[in-house]
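Only one structure is covered here, and it is reproduced in the block below.
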Amino acid sequence: MVTNVGSQGTQLIRYKVGDLGRLSRGSCACGLNDTQHLRIEGRFADAWKTDAGWITEARIDEALADVRGLAMHQLTRLAPNDYRLTVIADGEFDSAEASAVLESLLGANPVVIERDRIEVSSRQKYSTLRNWCQ
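Laid out in structure tokens, this is it:
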């Protein structure tokens, strides 16, 4: 829920967005110092609770950001400790590197599958995370 009654432009009062965010304090790249920053982590509906904590789109994107040759990815949770990483490779992709990165985050080693496209939802939307585990 976002509430901002101090804004002169647009007031957001009790506006439910459904996103998860992380609030932090510090300097901003824009030059403001000692301000609060809200970083959007992803949709609450797409987040997973695991033994390692909450897994969000932002955590997966951050973890895989430095994996060479990874153009696009989609992580699917098949069961509590069973994951599949579908990737579109661009150049020299190392599946062992991607698997190791996710194992350190999830505590489980995902199966990595290379494809030429990523599946979309029934609403024709692309999602970084898919949960088939109820």
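Note that the sequence shown covers residues 25 to 158 in the working numbering.
Quick reminder that beta carbons are idealized off the backbone N, C-alpha and C, glycines included.
All values derive from a computational prediction rather than experimental measurement.
**Message:** Let me make sure I understand the geometry here. Which of Pro134, Val135, Leu153 has the alpha-carbon closest to that of Glu143?
**Reply:** For this step, residue 143 is matched to residue 119 along the sequence shown. Nearest of Pro134, Val135, Leu153 to Glu143, Cα basis: Leu153.
**Message:** Which of the three DSSP states is assigned to Glu81 in this structure?
**Reply:** Locating residue 81 in the sequence shown gives position 57, counting from the first residue. Helix at Glu81.
**Message:** Across the stretch 105-118 and the stretch 73-93, are there enough close Cβ pairs to call them in contact, namely three or more that are closer than 8 Å?
**Reply:** yes
**Message:** Using only CA atoms, which one of Phe68, Asp85, Ile79, Ile64 lies nearest to Ala132?
**Reply:** Taking the first residue of the sequence shown as 1, we reach residue 132 at position 108. The shortest C-alpha separation from Ala132 is found at Ile79.
**Item:** beta strand (DSSP E) segment containing Val111, residue limits
**Value:** Against the sequence shown, residue 111 aligns to sequence position 87. That run of the beta strand (DSSP E) goes 106-113.
**Message:** Can you list, in chain order, the residues of its chain with a C-beta nearer than 7 Å to that of Ala71? Leave out the 5 residues immediately preceding and following it.
**Reply:** Residue 71 sits at position 47 when you count from the first residue of the sequence shown. If we look at Ala71 and ignore the five residues flanking it on each side, its Cβ neighbours are Leu44, Trp78, Ile79, Thr80.
**Asked** Can you give the Cα-Cα distance for Leu109 and Ser123, rounded to whole angstroms?
**Response** Against the sequence shown, residue 109 aligns to sequence position 85. Against the sequence shown, residue 123 aligns to sequence position 99. Roughly 8 Å separates the two Cα atoms.
**Prompt:** Among the residues of its own chain, which have a CB less than 7 Å from the CB of Arg46, if the five just before and after it don't count?
**Reply:** Translated into the one-based positions of the sequence shown, residue 46 becomes position 22. Cβ within range, chain order: Arg63, Glu65.
**Message:** With the cut-off set at 8 Å, would you say Ala76 and Leu126 are in Cβ contact?
**Reply:** In the sequence shown, residue 76 corresponds to position 52, counting from 1. In the sequence shown, residue 126 corresponds to position 102, counting from 1. In this structure, Leu126 does not lie closer than 8 Å to Ala76 by Cβ.
**Request:** State the start and end residues of the unbroken alpha helix (DSSP H) segment that holds Val125.
**Result:** Mapped onto the sequence shown, residue 125 falls at position 101. Where Val125 is concerned, the enclosing alpha helix (DSSP H) stretches over 119-130.
**Request:** Could you name the residues that DSSP lists as bridge partners for Val136?
**Result:** Residue numbering aside, residue 136 sits at position 112 when the sequence shown is read from its first letter. Note: Val136 sits in a beta bridge opposite Leu109.
**Item:** Simplified DSSP assignment, three categories, for Leu88
**Value:** Position 64 of the sequence shown, counted from the first residue, corresponds to residue 88. Helix, per DSSP.
**Prompt:** Can you check whether the CB of Asn57 is closer than 8 Å to the CB of Ser51?
**Reply:** Walking along the sequence shown from the start, residue 51 turns up at place 27. Walking along the sequence shown from the start, residue 57 turns up at place 33. For Ser51 and Asn57, yes; Cβs fall inside 8 Å.
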